[in-house]
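Heads up: the structure comes next, in structure tokens.
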Amino acid sequence: MPITSELRLRNPVRRPPSPSAPPRMADLHSHHNYVAHTTAKHLINDEQPTAVETQDFTDAVVQYHAIANHLGPQDDREPAWMARLKLEMQEMLQASEDRAKQRHRTLKCDLADLKTDLAHVKCDLADLKTDLAHVKCDIADLKIDLAAAFNTEAKNMAKINNSISKIKESMEDIKGALRGIGDAVRLAESP
Numbered sequence: 001m002p003i004t005s006e007l008r009l010r011n012p013v014r015r016p017p018s019p020s021a022p023p024r025m026a027d028l029h030s031h032h033n034y035v036a037h038t039t040a041k042h043l044i045n046d047e048q049p050t051a052v053e054t055q056d057f058t059d060a061v062v063q064y065h066a067i068a069n070h071l072g073p074q075d076d077r078e079p080a081w082m083a084r085l086k087l088e089m090q091e092m093l094q095a096s097e098d099r100a101k102q103r104h105r106t107l108k109c110d111l112a113d114l115k116t117d118l119a120h121v122k123c124d125l126a127d128l129k130t131d132l133a134h135v136k137c138d139i140a141d142l143k144i145d146l147a148a149a150f151n152t153e154a155k156n157m158a159k160i161n162n163s164i165s166k167i168k169e170s171m172e173d174i175k176g177a178l179r180g181i182g183d184a185v186r187l188a189e190s191p
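Per full-length UniProt numbering, the very first residue in the sequence shown carries number 1; after that it's consecutive.
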């Protein structure tokens, strides 16, 4: 069983290994969280520990302080196992920072690709708008041509109807002339 599980059942440690204690500690777990946060800040030179993302790193810090609390006050000399543990924690922090930087680079590349894709889509959209404008112009030209064709056809039909009317009038004149000739023939033949 890890020492942290064993220590959770005991009274809170009132004197943490860090120089300043938290204002109040409800239990040992919150004390460990406080000390882990303080140690993380110390490991990255008192900057905001945004790179501390992995549970492994936090667990290692808590385990380190749990062991230190369990062993009680130590002299100024740091044991070799504690130095190794600190080195392992620093390596985990560095690996976490490296992963974060790699993710950041990947996201920047992805964002650049998305911007390029967006530019291509905008160009394609502009081309489609141009094509649509050409289609609209072609439709307008077809409407004009169709109207002109209908107008020409209407004029031709009017001419044909006018010619038919003239032919009908000529036929009526011919019929009238034939009737006149028929009447004249009958008069000539009658005694």
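Idealized CB from N, CA, C, for every residue including glycine.
Runs of the alpha helix (DSSP H) lying entirely within the stretch 149–177 and spanning at least 4 residues: none are present. Around the beta carbon of residue 118, fewer than 16 other beta carbons lie within 10 angstroms, which makes this residue exposed. Residue burial annotation: residue 157 is exposed, with fewer than 16 other C-beta atoms found within 10 angstroms of its C-beta.
Straight-line spacing of the CA atoms in residue 126 and residue 137 works out to 17 Å.
Residue 96 carries a helical assignment under DSSP once its states are collapsed to helix, strand and coil. Straight across, the Cα-Cα distance linking residue 170 with residue 152 is about 27 Å.
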